[in-house]
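Numbering (the numbering used here), first residue to last: 1052 to 1320. Input: a single structure, listed below in structure tokens.
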Amino acid sequence: GGSGRGWRTGRIMAGGAARRSMGDSDARLARATGRRRGVDSLALVVALLLAGASITSAIPADDQWAWVNAVGRRGAFVFSEDAGRSWTTGSTGTTEDLLDVSFRDARNGVAVGAASTVIATSNGGKEWEPIEGVVAEAATLLGVSVSVAGHIRIVGEKGLFVTYEDGGDWALPVMVECTTVREPCAMAPYNKTASTGVDLYGVRFKDPINGLLIGANALVLVTNDGGGSFMPAEPPISGTLLPNLHRIAIDRIGRLSVAGGGGAAFFID
């Protein structure tokens, strides 16, 4: 279920000379997504490592046609149509740092980043167009998810959450502020200066109403009403120094997987 009660924890282990461990500072500025035949693939992980602008990937040996997209600093975007054997750069038209990207199918995707940047492509990332006015003030947008039905959900600094339904209008951005795991989060129109919410790095929905947001200090927020309200889940990680949770993905059977700083990794069935 989507309540956060059934977390299984693990740890991502680095190995091999070609791999590099990503700290929080790298992970905040490096986001990637893998798609196999238009479907998110949990088995495919790509990181655009910004310090050297290099790419590392872990792709199953039997998957020779995975589609991979990655974004990074100063509007960087690269994509591969052959499981990472060759790469092509796309022109995003922005010099802002891009922090996350999500595709609904092979052609249509959205990327987000610094200074409230939201850009969209309809040709697989070869060309991008800006989407203006999603967030009025200059906020850092840290995560985006685009569903097969075209529902776009974006999260960002200081509890920012904003949504769009295909064929409709962008909702007004809200700030999600949470105190304890036993109380629903407060929600109000977004005001970066006034917000006490923590940074939210990722968002995924299992269906139109059930989803998770992840963020700083191992924060996991659960919604069962399409994002109308959120409840903090029991922390999946214990300790005095809680890692930021940066990446969330969902597989074809609805299992959510989360990864964060310090090699933290867990999933819920």
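Every residue, glycine too, gets a C-beta built ideally from N, C-alpha and C.
For this session: Return yes when the Cβ of Val-1195 is within less than 9 Å of the Cβ of Ser-1167, no when it is not.
Result: no
Exercise. Name the DSSP bridge partner or partners of Glu-1178?
Worked result: Ser-1142
Problem set entry | Same chain, Cβ closer than 6 Å to Leu-1293, five either side skipped, listed in chain order | Asn-1268 and Ala-1269
Problem set entry | Neighbourhood of Phe-1256 by C-beta distance below 6 Å, restricted to the same chain and skipping five residues each side | Gly-1262
Problem set entry | Beta-carbon spacing of Pro-1240, Val-1225 below 9 Å | yes
Problem set entry | Buried or exposed by the 16-neighbour rule on C-beta atoms within 10 Å, applied to Ala-1310 | buried
Exercise. To which residues of the same chain is Asp-1276 closer than 7 Å at the C-beta, ignoring the five residues directly before and after it?
Worked result: Ile-1260
Problem set entry | Straight-line Cα distance separating Asp-1258 from Gly-1218 | 18 Å
Exercise. What's the call for Thr-1140, buried or exposed, on a 16-neighbour Cβ count within 10 Å?
Worked result: exposed
Problem set entry | Contacts around Pro-1235, its chain only, beta-carbon distance under 6 Å, and the 5 residues preceding and following it disregarded | Ser-1280 and Met-1282
Exercise. Taking just the CA atoms, how far does Trp-1179 sit from Thr-1172?
Worked result: 5 Å
For this session: Counting only runs of 3+ residues fully inside the stretch 1240–1285, write out the beta strand (DSSP E) ranges in chain order.
Result: 1251–1256, 1262–1266 and 1271–1274
For this session: Going by CA-CA distance only, name the one from Glu-1147, Gly-1201 and Trp-1221 that's closest to Ala-1157.
Result: Gly-1201
Exercise. Whose C-alpha, out of Ala-1165, Arg-1204, Ser-1142 and Arg-1233, is nearest the C-alpha of Trp-1221?
Worked result: Arg-1204
For this session: Report the residue from Glu-1216, Val-1199 and Leu-1193 whose alpha carbon sits nearest the alpha carbon of Gly-1207.
Result: Leu-1193
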